[in-house]
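Student:
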Amino acid sequence: MTNTLTAQDLSDTFDAFNRHDIDSVMTHFADDCVFFTVAGDKKYGNKVEGAEAIAAAFSGVWAGMKDAHWDHHSHFVHGDRAVSEWTFSGTDANGMRVEAEGADLFTLRDGQITVKQALRKTRPMFKA
Numbered sequence: 584m585t586n587t588l589t590a591q592d593l594s595d596t597f598d599a600f601n602r603h604d605i606d607s608v609m610t611h612f613a614d615d616c617v618f619f620t621v622a623g624d625k626k627y628g629n630k631v632e633g634a635e636a637i638a639a640a641f642s643g644v645w646a647g648m649k650d651a652h653w654d655h656h657s658h659f660v661h662g663d664r665a666v667s668e669w670t671f672s673g674t675d676a677n678g679m680r681v682e683a684e685g686a687d688l689f690t691l692r693d694g695q696i697t698v699k700q701a702l703r704k705t706r707p708m709f710k711a
């Protein structure tokens, strides 16, 4: 099967991120997908494996930052690779806010995301 994931599919996924709609977000993630987070103990951040664990990780971001939002997102797909660029913002329960540009590097298989590598600029949080 060939890749059928489009830039519009990625845009729709990011719109679902902004609605905090986990079912719609996970539409294009393969069951065996891997997510490398923006931060963590390893040089690649943290590694989250499997659609169920990734859905829980995304939901955890929304629980910790009720206003989590990805603005100015743009996307392109080329063969089995894709890129999304965005500006993330969110405020934690202590009133500390982050705003930073970032990107996701995706590996695709059969129209599904198999790897999501998230990269984000490091900025200190500030009082909202």
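Going by my numbering, the first residue of the sequence shown is number 584, and it counts up by one from there.
Glycine residues also receive a C-beta, built at the ideal position from the N, C-alpha and C atoms.
Since this is a predicted model, take the numbers as computed values, not measurements.
Take Asp649 and list the residues in its own chain whose beta-carbon comes closer than 7 Å to its own, dropping the five residues that flank it on each side.
Tutor: In the sequence shown, the residue the question calls residue 649 occupies position 66. Reading the sequence as shown, one finds Lys at residue 649 and not Asp. Answer for Lys649: no residue qualifies.
Student: Report yes or no: do the stretch 696-707 and the stretch 619-628 share at least 3 C-beta pairs separated by less than 8 Å?
Tutor: Yes, the stretch 696-707 touches the stretch 619-628.
Student: Taking buried to mean at least 16 other C-beta atoms within 10 Å of its own C-beta, is Thr596 buried or exposed?
Tutor: Reading the sequence shown from its first residue, position 13 is the one you call residue 596. Thr596 should be labelled buried.
Student: Check this for me: beta carbons of Gln695 and Phe618, under 8 Å apart or not?
Tutor: Along the sequence shown, read from residue 1 onward, the residue named residue 695 stands at position 112. Along the sequence shown, read from residue 1 onward, the residue named residue 618 stands at position 35. Not in contact: Gln695 and Phe618 (Cβ atoms no closer than 8 Å).
Student: Output the distance between the C-alpha atoms of Arg602 and His658, rounded to the nearest integer angstrom.
Tutor: By 1-based counting over the sequence shown, the position of residue 602 is 19. By 1-based counting over the sequence shown, the position of residue 658 is 75. The alpha-carbon atoms of Arg602 and His658 are separated by roughly 18 Å.
Student: Strictly by DSSP, which residues pair up with Asp598?
Tutor: Walking along the sequence shown from the start, residue 598 turns up at place 15. According to DSSP, Asp598 bridges with nothing at all.
Student: Pull the bridge partners of Ile696 from the DSSP assignment, please.
Tutor: For the purposes of this step, residue 696 is taken as residue 113 along the sequence shown, with counting starting at 1. According to DSSP, which records beta bridges pairwise, Ile696 is partnered with Phe612, Leu691.
Student: In three-state DSSP terms, what is Val631?
Tutor: In the sequence shown, counting from the first residue as 1, residue 631 sits at position 48. Strand, per DSSP.
Student: Who does Arg566 pair with in a DSSP beta bridge?
Tutor: The structure shown does not extend to residue 566, since the chain is modelled only from 584 through 711, so no value can be given for it.
Student: For Leu688, which option in Ile605, Leu588, Gly633, Val666 has the closest C-alpha, if you only look at C-alpha atoms?
Tutor: Numbered from 1 along the sequence shown, position 105 holds the residue referred to as residue 688. Nearest C-alpha to Leu688: Val666.
Student: Short of 7 Å in beta carbon distance, which residues of its chain neighbour His655, apart from the five on each side in sequence? Order them along the chain.
Tutor: Along the sequence shown, one-based indexing puts residue 655 at 72. The answer, listed in chain order, is Trp669, Thr670.
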